[in-house]
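Q: Chains A and B are the protein sequences, given in the same order.
The numbers in the first sequence follow the working numbering, run straight up by one, and end at 110.
The numbers in the second sequence follow the working numbering, run straight up by one, and end at 114.
All C-beta atoms, glycine included, are put in the ideal place defined by N, C-alpha and C.
Note that the structure is a prediction, hence the values are computed from the model and not measured.
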Amino acid sequence: QKEVEQNSGPLSVPEGAIASLNCTYSDRGSQSFFWYRQYSGKSPELIMSIYSNGDKEDGRFTAQLNKASQYVSLLIRDSQPSDSATYLCAVLNYGQNFVFGPGTRLSVLP
Amino acid sequence: GAVVSQHPSWVICKSGTSVKIECRSLDFQATTMFWYRQFPKQSLMLMATSNEGSKATYEQGVEKDKFLINHASLTLSTLTVTSAHPEDSSFYICSARDSFTEAFFGQGTRLTVV
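In structure tokens, the structure reads:
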């Protein structure tokens with residue numbers, strides 16, 4: 001089992017809809033969780049970090065963490081074509097290693 | 001967020017030559033730096049992790065003698081691709097973090113070996 005898993009996609013949603021991106025991790029001692037966005041040909045950029053169970057909202061983005069289920073998600077409300085990118089989930093595990101998932105490609109259709 | 005500067009952003013070199021890529025953390029001390037490679041339409045592939053003052057830890061399948069990593073200070077790490085060949089052409093990205101923060105990425109270096 002890989003440490004951090006994501007559906008590779010592509011996930012297609014219509015403009016204005018909610019996009020839901022999911023990530024699971026295997027190290028139960030993981031402490032910190034991050035979502036990055038990567039546009040084609042560019043480096044990843046940090047969108048959100050979350051450290052405790054529950055929801056964390058920042059503008060149109062909401063990160064959700066459930067440590068018991070070892071699950072973290074990112075919701076994007078009112079999706080825009082400019083949100084089309086690959087979204088990477090990253091986990092800081094118990095050994096202080098920073099591990100990335102393979103990424104989910106999101107396509108927002110106008 | 002913190003700033004990580006990577007240089008050069010693109011480079012073209014002849015087959016058999018070596019190329020050095022620099023990664024600098026501009027406003028924090030990077031105790032750990034990561035080097036990734038990404039081929040078109042593929043995921044980030046971690047090549048190695050380096051901690052300041054220590055030898056880099058390479059991922060399985062990455063040749064340490066070909067991809068030389070130096071992390072001599074808390075703000076600078078370098079990746080040298082030695083005896084580059086066309087199959088080494090790729091997008092190389094560094095990221096850096098200190099002990100307390102998330103990782104921040106450099107802009108990436110697009111290497112083309114001709």
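Cα separation between B:F34 and A:P81?
A: Start at 1 with the first residue of the second sequence, and residue 34 of chain B comes out as number 34. Start at 1 with the first residue of the first sequence, and residue 81 of chain A comes out as number 81. Taking the straight line joining both Cα atoms gives about 31 Å.
Q: Should B:I21 be flagged as near chain A, meaning a C-beta pair shorter than 7 Å?
A: Indexing the second sequence from 1 puts residue 21 of chain B at position 21. No, its Cβ sits nowhere closer than 7 Å to a Cβ of chain A.
Q: When the Cα atoms are used, what is the spatial distance from A:D83 to B:F28?
A: The residue you call residue 83 of chain A lines up with position 83 of the first sequence. The residue you call residue 28 of chain B lines up with position 28 of the second sequence. Taking the straight line from one Cα to the other gives about 29 Å.
Q: Roughly how many angstroms lie between the CA atoms of B:S5 and B:A96, to the nearest whole one?
A: By one-based count along the second sequence, residue 5 of chain B stands at place 5. By one-based count along the second sequence, residue 96 of chain B stands at place 96. The alpha-carbon atoms of B:S5 and B:A96 are separated by roughly 10 Å.
Q: In terms of alpha-carbon separation, which member of B:C13, B:F67, B:T75 lies closest to B:V135?
A: The structure shown does not extend to residue 135 of chain B, since chain B is modelled only from 1 to 114, so the question has no answer here.
Q: A:S107 lies in the beta strand (DSSP E); which residues open and close that run?
A: Within the first sequence, residue 107 of chain A is the residue found at index 107, counting from 1. Start and end: 104-109.
Q: Cα separation between A:A68 and B:S83?
A: Numbered from its first residue, the first sequence carries residue 68 of chain A at position 68. Numbered from its first residue, the second sequence carries residue 83 of chain B at position 83. One C-alpha to the other measures close to 48 Å.
Q: Leaving out five residues before and five after A:A90 in sequence, what residues of the same chain have Cβ atoms less than 8 Å from its Cβ?
A: Against the first sequence, residue 90 of chain A aligns to sequence position 90. Cβ neighbours of A:A90 beyond the five flanking positions: V4, F33, F34, W35, Y36, F98, V99, F100, G101.
Q: Rounded to whole angstroms, what's the CA-CA distance from B:E59 to B:M47? Just pull it up for me.
A: Here residue 59 of chain B refers to the residue found at position 59 when the second sequence is read from its first residue. Here residue 47 of chain B refers to the residue found at position 47 when the second sequence is read from its first residue. One C-alpha to the other measures close to 5 Å.
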